[in-house]
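Novice: Per the numbering used here, the sequence shown starts with residue 60, numbered consecutively.
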Amino acid sequence: MDLVERLVAEGRVCFTDLDDDEVAEWRRAVDFAKRHGLEPQGKRIEKARIGARGLEMFLAEGPHPNARSRRPEADASVVPVTTRLSSLHPAVAALRDDDGQLVVPPVLRRRSLLLLQALAAEAVRRGYEVKQSRSCYSRREGGVDVVVGGFACAVSVRQEFPQSTNAERSARIVVELDHGRSGRPGRWRDRKSRALEDALEVILGEVEARATEDAQRREHEQRVMAEREVGWRAAMEEARKRAVQDQLAEVLREEAGRWQEAAVLGAYCDALERRLAQPGDVDETTLGSARRWLEWAREFVRAIDPLNRLPEMPTPREPTSDELKAHLKGWSPYGPGPRGGQ
């Protein structure tokens, strides 16, 4: 398949100025590759819109999010859960000491803290940072923030059915991740087939997957910003050239206007001089006045004629923002922000 071959060779493929039918056709091509197992081993094809009419497809690490099970795989390693609330991570210890958070029955509170401690210990073992959570909006829940490569994901625990009078239902707890994304798992519950303690590996794996996606998204945004910066600088350079041309053209038109005026007035002076050569019956006083007028006119023409001396190449000034805007074709003269922005 040409698309898959290009992605393997180039890593990503970008299309611009597509209509709706073309976008739909490329989406179908990606779906076809996924359905028929054409994605490279250990990779998945992702797609993202670029502006209103662009589409980017790239290879991402790992299986597709929709194929990720909410249950731990048979060969998934198990995150150990201790039975004692001792040697707690500082973020878990702070939650334990906060009576205003994780307000649930004592048995569920203890179990929730043990789950969070196991998750925090495993995250630290893998080289991640764990901090106190700032994302818990209910007194009935508590959690920690797991930071992977600068990406912080809040992991919270709460009682699933706090109002239930059924002992089995009221004993269930739920683990949730924030930064919800369509198609990604973000909630794990106690089930008859498995307890939440057995899902910690999958939960932490989901945090890692989201961190990977976030890094790819930031990389994409940075690439788009860099490309926009290049486009803006090229547009600014061209706009400056055109704005300077406008300045020089204005000087040229002004000089040509003065030259044309001097030529017309010079022709008038020549005609007046010819007339004075044939005064007819004009008296001497009138002739003297006309000669003085001709003398003044000749001097004036010499003063305004720009070609009395060789002109120099004008030194243009820095174009104003408004002058640049006239040639930027939608770009802003103030920076490489969204086209048309200020």
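Every residue gets a Cβ at the ideal spot worked out from N, C-alpha and C, and that includes glycine.
Quick check on L307: buried or exposed, where buried means 16 or more other Cβ atoms within 10 Å of its Cβ?
Specialist: Label assigned to L307: exposed.
Novice: State the DSSP-derived secondary structure class of G325, mapped to helix, strand or coil.
Specialist: The answer is helix: DSSP assigns G325 an H, G or I state.
Novice: Keeping to the same chain, check which residues put their C-beta closer than 7 angstroms to that of A298; ignore five residues upstream and five downstream.
Specialist: Excluding residues within five positions, the ones whose Cβ falls inside 7 angstroms are L383, H386 and L387.
Novice: Which residue spans inside the region 145-228 form an unbroken alpha helix (DSSP H) run of at least 4?
Specialist: Listed in chain order, they are 149-155 and 165-184.
Novice: Across the region 282-297 and the region 191-204, are there enough close Cβ pairs to call them in contact, namely three or more that are closer than 8 angstroms?
Specialist: Counting Cβ pairs under 8 angstroms, fewer than three are found: no touch.
Novice: Would you call the region 318-332 and the region 352-366 in contact, with 3 or more CB pairs under 8 angstroms?
Specialist: These segments touch.
Novice: What's the gap between the Cα of R129 and the Cα of V234?
Specialist: Caution applies to R129, whose pLDDT of 40 falls short of 50 and renders its modelled position unreliable; the value that the coordinates give is listed next. Looking at the two C-alpha atoms, the distance is approximately 12 angstroms.
Novice: Taking 8 angstroms as the limit between beta carbons, can you name the residues of its chain near D78, skipping five residues before and five after?
Specialist: Taken in chain order, the residues that qualify are R112.
Novice: With 16 as the cutoff for other CB atoms within 10 Å, does R86 come out buried or exposed?
Specialist: Flag for R86 reads exposed.
Novice: Which residue from R333, D273, R155 and G208 puts its Cα closest to that of Q176?
Specialist: Closest option to Q176, Cα to Cα, is R155.
Novice: Under the assumption that R287 contacts P395 (Cβ atoms under 8 angstroms), give the Cβ distance between them as a whole number of angstroms.
Specialist: Confirmed, about 5 angstroms.
Novice: Does the region 258-278 come into contact with the region 363-382, if we say contact requires no fewer than three beta-carbon pairs (one atom in each stretch) closer than 8 angstroms?
Specialist: As far as the Cβ criterion goes, the region 258-278 does not touch the region 363-382, which means the pair count is below three.
Novice: Just how far apart, CA to CA, sit L311 and A294?
Specialist: The straight-line gap from Cα to Cα measures roughly 25 angstroms.
Novice: Note down, in chain order, each residue of its chain lying with its Cβ closer than 7 angstroms to the Cβ of A153, except the 5 sequence neighbours on either side.
Specialist: Contacts found: Q191.
Novice: Near L173, what residues of its chain come up, given a Cβ to Cβ distance below 8 angstroms and the 5 sequence neighbours on each side ignored?
Specialist: Within the same chain, L173 has close Cβ partners V140, T141, T142 and L144.
Novice: CA-CA distance, E313 and T374?
Specialist: Distance between the alpha carbons of E313 and T374: 15 angstroms.
Novice: Between the Cα of A254 and those of D237, P244 and R231, spot the shortest distance and give me the residue it belongs to.
Specialist: It is R231.
Novice: Given this structure, state the Cα-to-Cα distance separating E354 from D342, to the nearest angstrom.
Specialist: Distance between the alpha carbons of E354 and D342 is about 19 angstroms.
Novice: Could you work out which residue in A322, R350 and A88 is closest to R334 when comparing CA atoms only?
Specialist: Ranking the options by Cα distance to R334, first place goes to R350.
Novice: Could you give the DSSP three-state label for P131: helix, strand or coil?
Specialist: Any reading at P131 must be qualified, since the residue scores a pLDDT of 43, below 50, and its modelled position is unreliable; the value itself is stated next. Three-state result, P131: coil.
Novice: At what residue ranges does the region 308-369 contain a whole run of the alpha helix (DSSP H), taking only runs of 4 or more?
Specialist: Listed in chain order, they are 343-363.
Novice: Taking only runs that begin and end inside the region 241-288, name each unbroken beta strand (DSSP E) of 3 or more residues, in chain order.
Specialist: The region 241-288 contains these whole beta strand (DSSP E) runs: 246-248.
Novice: With distance defined between alpha-carbon atoms, name the residue in P149, V261 and L97 nearest to V183.
Specialist: Comparing Cα-Cα distances from V183 to each of P149, V261 and L97, the minimum goes to P149.
Novice: Which residues mark the beginning and the end of the alpha helix (DSSP H) in which V67 is found?
Specialist: From DSSP, the alpha helix (DSSP H) with V67 extends over D61 to E69.
Novice: Mind checking which residues open and close the alpha helix (DSSP H) that includes E81?
Specialist: E81 -> alpha helix (DSSP H) spans D79 to R94.
Novice: What is the DSSP secondary structure of G113, reduced to helix, strand or coil?
Specialist: Reduced to three states, the DSSP call for G113 is strand.
Novice: Indicate the three-state DSSP secondary structure (helix, strand or coil) for R103 in the structure shown.
Specialist: R103: strand per DSSP, three-state reduction.
Novice: Any idea what DSSP makes of E382, helix, strand or coil?
Specialist: Helix at E382.
Novice: Give every residue of the same chain whose Cβ lies closer than 7 angstroms to the Cβ of T344, excluding the five residues on either side of it in the sequence, and list them in chain order.
Specialist: So the list is empty, once near-sequence residues are dropped.
Novice: By the three-class DSSP mapping on this structure, what secondary structure does V303 have?
Specialist: V303 falls in the helix class under three-state DSSP.
Novice: Would you tell me roughly how many angstroms separate the C-alpha atoms of V216 and C73, rounded to the nearest one?
Specialist: Going by the C-alpha atoms only, they are around 41 angstroms apart.
Novice: May I have the straight-line CA-CA distance separating R168 from E69, to the nearest angstrom?
Specialist: Computed Cα separation, rounded: 51 angstroms.
Novice: Which residues does DSSP list as the beta-bridge partners of V233?
Specialist: Partner(s): R217 and R248.
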